[in-house]
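Residue numbers for the sequence shown follow the numbering used here, so the first one is 168 and each next one is one higher. Yeah, the Cβ is synthetic: ideal placement off N, Cα and C, and Gly gets one too. Here the structure is a predicted model, which means the values were calculated and not measured.
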Amino acid sequence: MTRVRRPVVAGWFTEADDEAGFRLLGTRCGACSAVFFPREDALCRNPACAGGVLTEVALSKRGRVWSYTDGRYRPPAPYVSDPESGWQPYTLLAVELAAERMVVLGQAVPGVTVADLSVGTEVEVVPGILSEDADTVWTTWQWRPVEEER
């Protein structure tokens, strides 16, 4: 049986499996041009704006590390984690998106540790897997350092 791929939060990112087409999705206010992530579908969050039509926008694919840390403990429920398996630390990044200049959190791709990062490192958003069970692969976004062009 083939497992179903499901986004951990529907509408927050494209469901493209290829890296080229994968993007975070936000919304932009038609009145003040403010951009929001996570997306906002009801009203403009800008307190100085009377509001406008909110439209979906694909956010910058790249940004720079604003801050980072590592998670060295097994988080409590509702985080999905098999208590029978060994805990693997993960790296959490706060990334300032290139065009929007907003900070978005997310995990680094597997294998990237805090030793591989510094503030200002250029990263790109790629599709990732948060967890898997017998029926479902729960997809999310992850950040990967951009290799320097030679």
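Asked	Found
Proximity test, Asp208 beta-carbon vs the ligand FMN heavy atom, cut-off 7 angstroms	Summarising the ligand content, the structure contains no ligands, and the ligand FMN is consequently not present.
Rounded distance between the beta-carbons of Trp310 and Gly273, thought under 8 angstroms	5 angstroms
Cβ pair Thr258, Val232 closer than 8 angstroms	no
Burial state of Tyr240 (16 or more Cβ within 10 Å)	exposed
Secondary structure of Asp185, DSSP reduced to three states	coil
Ala282 (DSSP reduced to helix, strand or coil)	helix
Thr303 versus Val175: straight-line alpha-carbon distance, rounded	11 angstroms
Cβ shell of Gly230 (< 7 angstroms), same chain only, five flanking positions each side left out	Val262, Glu263, Leu264, Ala265, Val290
Whether Leu226 touches Glu267 by CB criterion (8 angstroms)	yes
8 angstroms contact criterion, which Arg206 and Gly178 should meet: CB distance rounded	6 angstroms
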